[in-house]
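Trainee:
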Amino acid sequence: MILLRRVIGDTLRSRRLSQHRTLREVSTGANVSLGYLSEIERGQKEASSELLASICDALDVPLSQVLREVSDTLAVTEDRPAVLQAVGAPTGKPVKQSTAKASNPIERSVAHLRAA
Numbered sequence: 159m160i161l162l163r164r165v166i167g168d169t170l171r172s173r174r175l176s177q178h179r180t181l182r183e184v185s186t187g188a189n190v191s192l193g194y195l196s197e198i199e200r201g202q203k204e205a206s207s208e209l210l211a212s213i214c215d216a217l218d219v220p221l222s223q224v225l226r227e228v229s230d231t232l233a234v235t236e237d238r239p240a241v242l243q244a245v246g247a248p249t250g251k252p253v254k255q256s257t258a259k260a261s262n263p264i265e266r267s268v269a270h271l272r273a274a
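Each residue of the sequence shown is one higher than the last, beginning at 159 in my numbering.
#1: Answer yes or no: do ARG182 and LEU217 have a C-beta to C-beta separation smaller than 7 angstroms?
#2: Quick check: what's the CA-CA separation for GLU199 versus VAL228?
#3: Taking only the alpha-carbon atoms, compute the straight-line gap between SER212 and ALA188 and give it to the nearest angstrom.
#4: Helix, strand or coil: which one does DSSP assign to ALA211?
#5: Which residue from GLU236, GLN177, LEU192, ILE166 puts its Cα closest to that of SER207?
#6: How big is the Cα-Cα spacing for ASP215 and THR186?
#7: Can you tell which of GLN202, LEU162, TYR194, LEU170 has its C-alpha closest to the C-alpha of LEU221?
#8: Quick one: residues in its chain with C-beta nearer than 6 angstroms to the C-beta of GLN177, no 5 flanking neighbours on either side, listed in chain order?
#9: Take LEU161 and list the residues in its own chain whose beta-carbon comes closer than 7 angstroms to its own, dropping the five residues that flank it on each side.
#10: Exposed or buried, what is ASP168 when buried is set at 16 or more other beta-carbons lying within 10 Å of its beta-carbon?
#11: Taking only three categories from DSSP, how would you classify GLY187?
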């Protein structure tokens with residue numbers, strides 16, 4: 159099962175890294191502690207809608223765009239049997255996780271599902 163907080167965290171981290179920004183820079187801009195932002199990015203904490211908006215402002219990305227990416231990731235993972243069949247794995251059986259690191263939130267989430 160995929161957790162919403164994990165997909166949100168992966169998406170926020172991907173945005174931050176694509177901008178070559180540090181946790182410290184974004185946490186300062188969002189007025190949130192560095193440790194708490196790190197926990198959000200790792201999917202360990204649920205961010206409130208106000209905090210998500212603040213983080214998105216600090217990243218200079220619309221909240222709607224982040225939520226759209228999260229929604230797209232969830233849509234892909236909800237079709238798990240179709241995804242597994244598409245890669246040639248029998249439905250219901252685990253698939254070996256690739257050793258290559260996924261570069262975006264959707265690929266990471268699908269990789270998590272394949273490893274499940």
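All C-beta atoms in this analysis are idealised placements derived from N, C-alpha and C, irrespective of residue type, glycine included.
Mentor: Per the coordinate set shown:
#1: No. Outside cutoff.
#2: Their backbone Cα atoms lie some 13 angstroms apart in a straight line.
#3: Each residue's alpha carbon lies about 5 angstroms from the other.
#4: Collapsing the DSSP output to three states places ALA211 in a helix.
#5: Residue nearest to SER207 within the set GLU236, GLN177, LEU192, ILE166 is ILE166 (criterion: CA-CA distance).
#6: When only Cα atoms are considered, ASP215 and THR186 end up about 11 angstroms apart.
#7: Taking each of GLN202, LEU162, TYR194, LEU170 in turn and checking the Cα distance to LEU221, the smallest one comes out for LEU170.
#8: Hits under 6 angstroms: none found.
#9: Short of 7 angstroms from the beta carbon of LEU161, and not among the five residues preceding or following it, lie these beta carbons of its own chain, in chain order: GLY201.
#10: By the beta-carbon neighbour count (other beta carbons within 10 angstroms, threshold 16), ASP168 is buried.
#11: In the structure shown, GLY187 sits in a helix (DSSP, three-state: H, G or I).
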